Amino acid sequence: MAIQLMKSPDEGRRVVGRALEDLWPETGAASALGGARMDMSDPLPLYQLRLDKITGPHSIDEAEQVGWRYLIEKGGSAAFADVGQTAGGTMRFASLSRNDNARRLLAAAHLAETVAIQADEKYDIRVLDVPALRTSAVWLAGSHDLFIPYIDNKRLRGHLIQVEDDFRDHLVEQAERARASFDIGSSSSPRLMGG
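Using the numbering used here, the first residue of the sequence shown is number 1, and each one after it goes up by one.
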């Protein structure tokens, strides 16, 4: 079938454009005289899942939308920009990433598009970040969610971007290991200075 995009805020693209003028000048009007064209995607909803919310395979349902992520391509370079919403409802620029993670996200988004076209159902496309576990994935949300990790330091080094059938279970295992390593009640836990 296909991917359906959530309605995004109108001013988000303007906010990212202004930030790019300052942070990546080659993408703005100065580059209009020559060079590669900049392509900016429609924004993907950005979801975040906190470590304390990961208790089982269905913990993904606890992820909260925290903003929007724009994918950017220009002359072989890849980047992504995040925007969020202030308490007053206006959009604000949050970050720009121009690194391997951006290239991997772009590859994951392209794979998600291919997978969704071949599927029998429609998917909402999202980005899921789990900062405490240093893990991020493109999330095809539907009756049978699919995940395409693009950041996972321990699992993805040198591996291809692909749909991970065991993503939920792996997330739970990672969370359990992380909580065990930070178990403050254990005698082997690291002590803070002055503690």
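Here a beta-carbon is modelled for each residue, glycine too, at the ideal position from N, C-alpha and C.
Note that the structure is predicted; figures quoted are calculated from it, not measured.
Of the residues the options, the one placed nearest residue i, counting alpha carbons only
i: Ile125; options: Ala119, Glu113 and Gln118; result: Glu113
i: Tyr150; options: Phe167, Ser143 and Ala141; result: Phe167
i: Leu20; options: Tyr70, Leu49 and Leu105; result: Tyr70
i: Glu164; options: Trp139, Ile117 and Ala178; result: Trp139
i: Glu73; options: Leu105, Asp152, Arg177 and Gln174; result: Leu105
i: Leu198; options: Gln118, Gln174 and Ala94; result: Shown here, the chain extends from 1 to 195; a query on residue 198 therefore has no answer.
i: Asp39; options: Thr55, Ala81 and Glu64; result: Ala81
Residue i, enclosing alpha helix (DSSP H) - first and last residue
i: Glu176; result: Phe167 to Ser181
Close beta carbons around residue i, own chain, < 7 Å, minus the five adjacent residues each side
i: Gly17; result: none
Run of the beta strand (DSSP E) containing residue i, from where it starts to where it stops
i: Asp124; result: Tyr123 to Val130
i: Ile151; result: Leu146 to Asp152
i: Val83; result: Ser77 to Gln85
i: Arg39; result: The residue asked about is misnamed: residue 39 is Asp in this sequence, not Arg. Element bounds for Asp39: Met38 to Met40.
Length of the line joining the Cα atoms of residue i and residue j
i: Leu128; j: Arg134; result: 11 Å
i: Leu111; j: Ile161; result: 8 Å
i: Gly89; j: Leu5; result: 21 Å
i: Ser143; j: Leu171; result: 19 Å
i: Arg179; j: Glu173; result: 10 Å
Whole-Å CB distance - residue i paired with residue j, under 8 Å assumed
i: Ala102; j: Ala137; result: Not quite, the Cβ-Cβ distance comes to about 15 Å (not below 8 Å), so this is no contact.
i: Leu46; j: Gly67; result: 5 Å
i: Ser8; j: Asp42; result: 6 Å
Other residues of its chain near residue i: CB distance less than 8 Å, five sequence neighbours each side excluded
i: Val115; result: Leu140, Leu146, Ile148 and Val163
i: Ala107; result: Tyr150 and Ile161
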